[in-house]
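Only one structure is covered here, and it is reproduced in the block below.
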Amino acid sequence: KTVLLWAMLDRLDSVAPAPALPSAGVVVFVGHATAAHEAAREMGARLGLWNGDVAVVSRASEIDGIPSWLVVNDLADLATRADRWRQRGVVPIVLDLGREAVDQVWAIRALTHLRADQVRLVAEAWRLTEDIGRTTGKLGGVDAIELVSVADTVEPLAMLDLGIPISTVEGRPASPELLAAVWLENRRRG
């Protein structure tokens with residue numbers, strides 16, 4: 106086990122850090138609406154960059170736990186809204202991937218309209234890296250991963266295999282020390 110630990114620590118020390126958020130522009134948090142919304146709100150509050158409402162771009166008109174007036178589902182109006190949002194400094198937008206293939210195709214079209222300055226994928230740690238890799242490929246690239254649901258997996262750091270920096274783990278800034286602690290804790294449970 107000690108050899109495994111040192112190998113993991115060496116690997117974590119060589120992982121590229123996530124890029125900083127831009128000082129202005131649209132930052133899109135892509136994922137399933139509720140988790141992505143929570144990740145965007147937590148990051149904004151922690152960094153003091155935005156507070157309060159975060160719009161959710163979704164094919165669905167109603168999303169559990171999110172007020173309907175925050176949900177935007179008109180693609181024709183989206184580019185105009187994105188231009189207005191961009192004038193307010195750094196603006197977080199949640200892009201709901203939905204659960205169905207048709208939702209994901211719609212979300213990819215919406216991302217084109219948003220012309221994001223940065224894209225962050227909110228990914229459940231239990232998901233297969235191949236699935237996440239296909240998603241990032243369809244999105245045209247992702248700048249960072251916001252890792253959630255780490256307690257639900259034995260291998261929480263499998264996402265490192267994608268070569269995309271992990272920005273946060275359950276809302277906490279990712280560091281080699283935090284990633285190592287999460288890895289060890291989940292190995293003990295597994």
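If you read the sequence shown in the numbering used here, its first letter stands for residue 106, the second for the next number, and so on. For every residue, glycine included, the Cβ atom is placed at its ideal position computed from N, Cα and C.
Asked                                                                                                                 : Found
Contact belief for glutamine 223 with leucine 126 at Cβ below 8 Å, rounded distance in angstroms                      : 7 Å
Contact under 8 Å by Cβ, valine 177 with histidine 142                                                                : no
Spatial neighbours of valine 207 in its chain, beta-carbon cut-off 8 Å, leaving aside the 5 residues before and after : Arg164
Cβ pair valine 252, alanine 221 closer than 8 Å                                                                       : For clarity, residue 252 is leucine in the given sequence; the question names valine instead. Not in contact: leucine 252 and alanine 221 (Cβ atoms no closer than 8 Å).
Cβ neighbour criterion (16 or more within 10 Å) applied to serine 272                                                 : buried
Proximity below 8 Å, CB of leucine 226 to CB of valine 135                                                            : yes
The segment 231-241 contacting the segment 158-172, beta-carbon criterion three pairs below 8 Å                       : no
Through-space distance from alanine 285 to aspartate 169, alpha-carbon basis                                          : 34 Å
Buried/exposed call for glycine 242, threshold 16 Cβ in 10 Å                                                          : exposed
Same chain, Cβ closer than 6 Å to alanine 123, five either side skipped, listed in chain order                        : Ala249, Pro270, Ser272
Segment limits, beta strand (DSSP E) that includes arginine 225                                                       : 223-229
First and last residue of the uninterrupted beta strand (DSSP E) at valine 133                                        : 130-136
Inter-residue Cα distance where the pair is tryptophan 211 and aspartate 257                                          : 29 Å
Helix, strand or coil at alanine 141 [DSSP, three-state]                                                              : helix
Where alanine 249 falls: helix, strand or coil (DSSP)                                                                 : strand
Leucine 152 versus threonine 139 - alpha carbon distance                                                              : 20 Å
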